[in-house]
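When you read off a place in the sequence shown, starting at 1, and then add 50, the result is the number in this note's numbering. C-beta atoms are modelled at their ideal positions from N, C-alpha and C, and glycine is treated no differently.
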Amino acid sequence: MKAFLKKTFLAGLIAFLPIAGTLWLLKVLILAAEGLFEGLIPPRFRPINLVGYEIPGMGILAAVLLILIVGLFTRLYVGKRLLSYGDKLFSRLPFGRGIYTAIKQFVSTITGGGQNFRQVVLVEFPSPNTYVIGFLTGETGGEVQLRTKQEIVSVFLPTTPNPTSGYLLLYPKDKVIPLDMTVEEAFKFIVSGGVVAPPYPRIQGKAEGAD
Numbered sequence: 051m052k053a054f055l056k057k058t059f060l061a062g063l064i065a066f067l068p069i070a071g072t073l074w075l076l077k078v079l080i081l082a083a084e085g086l087f088e089g090l091i092p093p094r095f096r097p098i099n100l101v102g103y104e105i106p107g108m109g110i111l112a113a114v115l116l117i118l119i120v121g122l123f124t125r126l127y128v129g130k131r132l133l134s135y136g137d138k139l140f141s142r143l144p145f146g147r148g149i150y151t152a153i154k155q156f157v158s159t160i161t162g163g164g165q166n167f168r169q170v171v172l173v174e175f176p177s178p179n180t181y182v183i184g185f186l187t188g189e190t191g192g193e194v195q196l197r198t199k200q201e202i203v204s205v206f207l208p209t210t211p212n213p214t215s216g217y218l219l220l221y222p223k224d225k226v227i228p229l230d231m232t233v234e235e236a237f238k239f240i241v242s243g244g245v246v247a248p249p250y251p252r253i254q255g256k257a258e259g260a261d
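Have a look at this one:
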């Protein structure tokens, strides 16, 4: 009986924790977004002043509408000119240009507007025979290639569980191992701490054949 209860409890725990964790994280993110974007709604148009109670998600809805309006505006000629002017202005700010440029480049990379993550790769880091997953971002020429006298590629190594930060490392091209997994699969693997591993039928087929 004790063993039965233990196994039943563990089975329930395994089923319950992912659901509870997901709901909790969504709640935290929604509340954080609400607090961040609630100021976009003028006080007289907020649900608490119109209907007498709060409506969850209004801050996020306001943010989505604002982004759509900005996106529509930037597709117009006037919007493109203003966006170009704003880009030049922020790029010249003494203290904020570094942050602005870094965020802009990262967003462009993620969304495909700039130099994309070309391929998921495996590299040795931080010591031999210790491997990490990274993203090939391009070939590094110029002085780097001249000084090293090798074909060098740049690899971005995101951190776990926050893949927006990481390391930019330069590797000889023959030290980089290309992988078949997609960028999305690699991000899932990194964010989950290796728990969500993408399937790879060829290796699974070999393992089953060996059995």
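Nearest neighbour of Tyr-217 by Cα position, chosen from Val-114, Val-205, Leu-100, turns out to be Val-205. Buried is the label assigned to Val-170, since at least 16 other Cβ atoms lie within 10 Å of its Cβ. Pro-178 carries a coil assignment under DSSP once its states are collapsed to helix, strand and coil. The C-beta separation of Val-182 from Pro-211 comes to about 14 Å, leaving the pair out of contact by the 8 Å criterion. Less than 7 Å divides the Cβ of Val-203 from the Cβ of Tyr-221. When rounded, the separation of the alpha-carbon atoms in Phe-185 and Arg-168 is 7 Å.
Counting C-beta atoms within 10 angstroms of its own C-beta, Phe-237 has 16 or more neighbours from the protein chains shown and is therefore classed as buried.
Approximately 5 Å separates the beta-carbon atoms of Glu-104 and Ile-98; this is inside 8 Å, confirming the contact. DSSP, read as helix, strand or coil, puts Thr-232 in coil. Note that the C-beta distance between Ile-91 and Ala-112 is below 7 Å. Taking 8 Å as the upper bound for CB-CB distance, Tyr-135 and Ser-141 are not in contact here, some 11 Å apart.
Rounded to the nearest angstrom, the gap between the Cα atoms of Ala-61 and Ile-69 is 13 Å. Counting every other CB atom within 10 Å of its CB across the protein chains shown gives Pro-249 a total below 16, marking it as exposed. Of all alpha-carbon atoms in Pro-144, Gly-129, Leu-196, Lys-225, the one lying nearest the alpha-carbon of Val-173 is that of Lys-225. With respect to the 7 Å criterion, Lys-223 and Glu-201 are classified as neighbours on the basis of their beta carbons.
Buried is the label assigned to Thr-187, since at least 16 other Cβ atoms lie within 10 Å of its Cβ. Under the DSSP definition of a beta bridge, Val-170 partners with Phe-185.
The C-beta of Thr-214 has fewer than 16 other C-beta atoms within 10 Å across all chains shown, which makes the residue exposed.
Following the DSSP letters along the chain, one finds Val-194 in no beta strand (DSSP E) but inside the alpha helix (DSSP H) bounded by residues 192–198.
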